[in-house]
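Counting from 1, one number per residue, gives the positions in the sequence shown under the UniProt record's numbering.
Even glycine gets a Cβ: it sits at the ideal position worked out from N, Cα and C.
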Amino acid sequence: MPLLSPSTTKKLKAKLDGFTQDPQGIPGLVYVVINRDGEHILKHASGVRGLGSPDIMSLDTTFWIASCTKLVTTIAAMQLVESGNVSLDSEDDIQHILPELSRLMVLKEDRNGVLGLVEQERKITLRMLLSHTAGFGYSFSNAKLKRWYDPIGINEFDCQDWDIFSQPLVNQPGTVWEYGVGIDWAGRFVERVSGLSLDEYCHLHIFQPLGVSRTTFFPTKEMKENLAFIHRRRLDGSVRLYEHGHLFRKPLMASADTSRETILNSGGAGLFSNPVEYCKILAMLLNQGKDSQTSRRILKTETVQGIFPCLCSVDEMLKTELEMFTNQIPQFPDFARNLQPPCKPDLVNDANETYFQPGDPPQGWGLSFFSLLHPSETGRATGTAWWSGLVNLIWWADLKSGIGGMLATQMLPFNG
């Protein structure tokens, strides 16, 4: 596969450097583009790890990758589905493996604005957990959920079971798409089925076979010494270090003397990594589940063979249940439009929709990621999968061209 010319590479790196040289830009970033053969088309680090720090950003800099974790957890869950021991669409599997999930109530607001709890009208499946249709929300984006926990509050980034697994549903299962903690539940599902912690499972079945050594739920001493700082953009456009330290502190504080058993392995947001390593995972997906460098197969071809998301009925879609890149929610073609205002503006900026496309064409969602059903004016092709993380990271994978990449920063608020 042809790589970039030296002149094009120089222009792209200069463009990236422009963002970090602007006083109101980004303190530091890393950008990596890879192909299905594991060849780097572009890799560049720019800026510094943190404002006021003399340490420059490097390709080895450690990032909290937040919701980019969701793709890895989904790969783990799909490996278990491939084994034939569990199904994406079995309500019985969820009830047997996660019985407490079946007992959760649904938060409902009456016409007077009073909150209460009602029973689930249908049971949850693994597919719902991976496609954000199980009924969960996040307290930074769902006002009803945030209000339910006042005045104590809830923090999905505190790495405690309570903040995730005590949450009621905010919608009846299967009735709507809403971004939430469902993939944290999928991570717990992986732990129960495998008998391993999510960290142990991912290292054994994903990271080690791919030669990924610096991606983990518990950063090593060396990773922590090269950790990128979290920053926040203020309303006036200025950028400062995030005043509360690191948003995902507890795994960074864990040591040999601290029991990791008390710290949640967050399948929705818990990984630390860097774009070079994360792109090894993307290259495996681009190569239909097999790593071209190690010749190890992580997923079956049929699991990732849906190059073009299908514009099909739900019944037709269920016949191809292993395809991660198939549109899981054709019944919700505008799922990421007309979004609720954020409840925690220090974390998330207000945005009417997740990804603007002129003419409002139908939107698609794979298992854990946005999937383009129509090409975008920015150059993303039909079938391109992508998603992002709270501190403004983004990954993308175009299965047709065999090219993907990751841009990593540590900036709040999201969309800021």
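Three or more Cβ pairs drawn from the segment 206-225 and the segment 242-259 lie within less than 8 Å of each other, which places the two stretches in contact.
Using a Cβ-Cβ distance cut-off of 8 Å, the segment 292-307 and the segment 210-218 are in contact, since at least three pairs of beta carbons, one from each stretch, lie closer than that value.
Counting only the Cα atoms, residue 355 lies some 11 Å from residue 377.
The segment 149-167 and the segment 111-122 do not touch, with fewer than 3 CB-CB distances between them shorter than 8 Å. Between residue 303 and residue 324, the gap from beta carbon to beta carbon is short of 9 Å. Beta-bridge annotation (DSSP): residue 62 is paired with 227. Sixteen is the threshold: when 16 or more other Cβ atoms of the shown chains lie within 10 Å of the Cβ of residue 411, as they do, the residue is buried.
Taking the Cα of residue 341 as reference, the smallest distance to any Cα among 140, 75, 14 is reached at 140. CA-to-CA, the gap between residue 244 and residue 29 works out to about 21 Å. Within the model, the alpha-carbon separation for residue 192 versus residue 288 is close to 27 Å. Just so you know, the alpha carbons of residue 373 and residue 353 end up roughly 16 Å apart. Shown here for residue 277: same chain residues with a beta carbon closer than 7 Å to its own, the five before and five after excluded, namely 212, 214, 215 in chain order. Counting the other Cβ atoms within 10 Å of the Cβ of residue 259 gives fewer than 16, which makes it exposed. DSSP places residue 337 in the strand class (E or B) of the three-state scheme. Within its own chain, the residues whose Cβ lies closer than 6 Å to the Cβ of residue 24, once the five positions on either side in sequence are excluded, are 237, listed in chain order. Residue 27 places its beta carbon less than 9 Å from that of residue 239. For residue 106, the closest of 47, 95, 96, 173 by C-alpha to C-alpha distance is 173. It is roughly 27 Å from the alpha-carbon of residue 89 to the alpha-carbon of residue 395. Taking residue 334 as the centre and dropping the five residues before and after it, the same chain places the C-beta of 360, 362, 363 closer than 8 Å to its C-beta, in chain order. Pairwise C-beta distances place the segment 380-400 in contact with the segment 68-88, as three or more of them are shorter than 8 Å. DSSP places residue 355 outside any alpha helix (DSSP H), giving it a letter other than H or E. Per DSSP, the unbroken alpha helix (DSSP H) holding residue 284 starts and ends at 275-286.
Residues 191, 265 of the same chain have their beta carbon placed closer than 7 Å to that of residue 197, with the five preceding and five following residues left out of the count.
Distances from the CA of residue 37 to each of 281, 299, 204 were compared; the closest alpha carbon is that of 281.
Counting the other CB atoms within 10 Å of its CB gives residue 92 a total below 16, which places it among the exposed residues. Note that the C-beta distance between residue 4 and residue 16 is not below 9 Å.
For the segment 355-390, the full-length beta strand (DSSP E) segments reaching 3 residues or more read 385-389 along the chain.
Runs of the beta strand (DSSP E) spanning 3 or more residues and lying entirely within the segment 188-222 do not occur at all.
The three-state secondary structure of residue 398, taken from DSSP, is strand. In the DSSP assignment, residue 239 falls within the unbroken beta strand (DSSP E) covering 239-241. Beta-carbon to beta-carbon, residue 115 and residue 109 are separated by about 5 Å, close enough to satisfy the 8 Å threshold. About 6 Å separates the beta carbon of residue 133 from that of residue 177, a gap short enough to meet the 8 Å contact definition. For residue 78, the closest C-alpha among the options 357, 390, 285, 345 is that of 285.
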